[in-house]
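Residue numbers (our numbering): 118 to 844.
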């Protein structure tokens, strides 16, 4: 039976093995660029560039094995058709690498004009004699004869590629000595070597005796591989090594199989199949053995031992700041960069430095940014803000600017932000192994922080020696009844859903005169009878202060009174977070204090969407005996503005997979509110239904309290009937 590998137009030839070097090298570049994550635009241009070069190096590879001149001519026509596109994609990659296309609209337009001009050559060059008029035989291979318009295509290719080469050359020469300049010079050298393959055009005009373009293109591809892997050209966050390994196996298998078939000559089809299978199996077994030997001989590296020190020594740490100092020392020892660490407070939205000093409010990450960072993995770079969602991009940019940061590594666990590792702008760029070490160190740092927090929480719980009995009905009577509660132009509605019969949450609404309204919400440590006792005392204390001071009530004095009540009843063993706010339509502002409580949101209808503002207050949880009143903050209040308070049970509600509802999901829901539905009753019902749906009927693990208020003048007030909600 005629061999599957031998036909009227094709016979395997040993010279094709040498020419296969370039396609194999380009295949590795393409496979790597496909599976990595990072620099999406550059990846696209790189893939288009090498995919456009692939027809030429493939035609050269097949040339010695093609018997039919017609088949060789078709292969070279297809190869010539995509040469201008390779130049256009190369220019796009070069200008994108320099950031020119991101800054200049004119540069982007020029690149796409080049792509359009290159695309215009594909059909004429592939289907007519414009670029290739035929092929001529050389010793052992075919090569194309230049068509009448080949020089025009060559000139087009030169014009398209010129801007990218000029810009890259100037940058590689003029930039000061740095890792960036070294990388640009490597890319420039790789591009020059690859484009030197156009030297083969002389052969198409009868000058020369052997093609060398395939060799130069292959060498250029290997230089690009080095830039991708060693220099981390595309700043890869992660990649799957399966595809590059598969390409390597296939390339070696094809080479070995081709050699075997050339030795055995014509044979039966099943003999060829067995020979090819044996070749692929031999390659696979050989690489597997090499991998096993390498793995067995591998010893623990220095950086691994350094990370081991971080894990081992953190077990004896007495606090989070001690773990942070240890992490800073380990990173400096491992990569030679002195980083900074910001620690997120477990009890409020505050931040502390590794020294234990409180971070100033203006330098602390905004709570809206915290929600986004908690979902991220790996380092975030100051020059990659285009990949940050638009709603938090400016806040993230400000965070980088305030801390003069080149990169920020979020330290997270289960979508909770524990800390930020900040790489200063003055440090050298971290790439490759150094970047990998930094991210691994951040992971170990997060594990150490979790361990320290768990130890602290266990100690806090062990210190609670008794439960104070208090009837749940007493607590319920101290809470507002079913809403909505209308006081002048302010409408308030809230719900209180305990995890057990007695809860650790409370909320209250109190009129202060005819127009001003006080809203207070609190959350005691844990839930149950003891927590309910503390919430009852706090609610009673709040009622007493309101009755005593009335319209002259001051939020600072209210916080001190609540602190005293919690301290007396809780005995110093139970604490409470609290947020109290006064909505003042006359002053057109909302004044508030926060004692370690979750941050409420002020929702304001903009021209198109709802604008979200976090009401950030700084203060310690109540019950610790602090003699200082928390800081009173204020924000402007407009007619129609809506405020949403909640306890952590709302955002910690978990679905079947254990995923919490989360701050980020709540923020997205509030931003999607429509003007027609921006009323407290509807907003409360929407959020309450979303949390219940997320929980899916499962039992609550924590008390859930949700309060919504709105200042709406009579003409803008909602006329919809009240909806019954859980008390």
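Ideal placement from N, C-alpha and C gives every residue a C-beta, glycine not left out.
Bear in mind that the values here come from a model prediction, so they are computed numbers and not experimental data.
Those residues which DSSP pairs with residue i across a bridge
i, result
"residue 846", "Examination of residue 846 is not possible in this model, given that the chain is present from 118 through 844 alone."
"residue 769", "According to DSSP, which records beta bridges pairwise, residue 769 is partnered with nothing at all."
"residue 627", "635"
"residue 706", "701 and 753"
"residue 201", "BP columns for residue 201 are empty, so no partner."
"residue 738", "BP columns for residue 738 are empty, so no partner."
"residue 526", "538"
"residue 469", "460 and 475"
Helix, strand or coil at residue i [DSSP, three-state]
i, result
"residue 532", "coil"
"residue 748", "coil"
"residue 720", "strand"
"residue 138", "helix"
"residue 728", "strand"
"residue 762", "strand"
"residue 181", "helix"
"residue 292", "coil"
"residue 608", "strand"
"residue 328", "coil"
"residue 414", "Only weak support exists for where residue 414 lies, its pLDDT of 40 falling under 50; the coordinates are left without a value."
"residue 457", "strand"
"residue 269", "helix"
"residue 475", "strand"
"residue 780", "helix"
"residue 830", "coil"
"residue 113", "The structure shown does not extend to residue 113, since the chain is modelled only from 118 to 844, so the question has no answer here."
"residue 796", "coil"
"residue 675", "helix"
"residue 130", "coil"
"residue 821", "strand"
"residue 520", "coil"
"residue 195", "helix"
"residue 540", "strand"
"residue 601", "coil"
"residue 434", "coil"
"residue 586", "Caution is warranted here: a pLDDT of 46 is assigned to residue 586, below 50, making its placement in the model unreliable, and the coordinate value is therefore given only provisionally. Correct three-state label for residue 586: coil."
"residue 596", "coil"
"residue 803", "helix"
"residue 733", "coil"
Proximity below 8 Å, CB of residue i to CB of residue j
i, j, result
"residue 261", "residue 321", "yes"
"residue 795", "residue 754", "no"
"residue 624", "residue 637", "yes"
"residue 774", "residue 808", "no"
"residue 540", "residue 524", "yes"
"residue 721", "residue 758", "yes"
"residue 202", "residue 169", "yes"
"residue 429", "residue 471", "no"
"residue 733", "residue 716", "yes"
"residue 189", "residue 268", "no"
"residue 285", "residue 211", "yes"
"residue 509", "residue 556", "no"
"residue 264", "residue 252", "no"
"residue 691", "residue 651", "yes"
"residue 639", "residue 693", "yes"
"residue 528", "residue 496", "no"
"residue 696", "residue 762", "yes"
Assigned exposure category for residue i - 16 Cβ within 10 Å defines buried
i, result
"residue 173", "buried"
"residue 718", "buried"
"residue 226", "exposed"
"residue 63", "No answer is possible for residue 63: it lies beyond the span of the chain, which begins at 118 and ends at 844."
"residue 145", "buried"
"residue 511", "exposed"
"residue 230", "exposed"
"residue 583", "Low local confidence applies: a pLDDT of 45 at residue 583 is under 50, so the model's placement there is unreliable, and no value is given."
"residue 220", "exposed"
"residue 290", "exposed"
"residue 819", "buried"
"residue 338", "buried"
"residue 668", "exposed"
"residue 240", "exposed"
Chain D within 8 Å of residue i, Cβ atoms only
i, result
"residue 568", "Considering every chain present, this structure includes no chain D. It has just one protein chain."
Inside the region 477 to 506 only - alpha helix (DSSP H) runs reaching at least 4 residues
With a minimum length of 4 residues, the continuous alpha helix (DSSP H) runs that stay inside the region 477 to 506 are 484 to 490.
* Runs of alpha helix (DSSP H) lying entirely within the region 209 to 275, each at least 4 residues, in chain order -> 217 to 220 and 222 to 244, all fully within the region 209 to 275.
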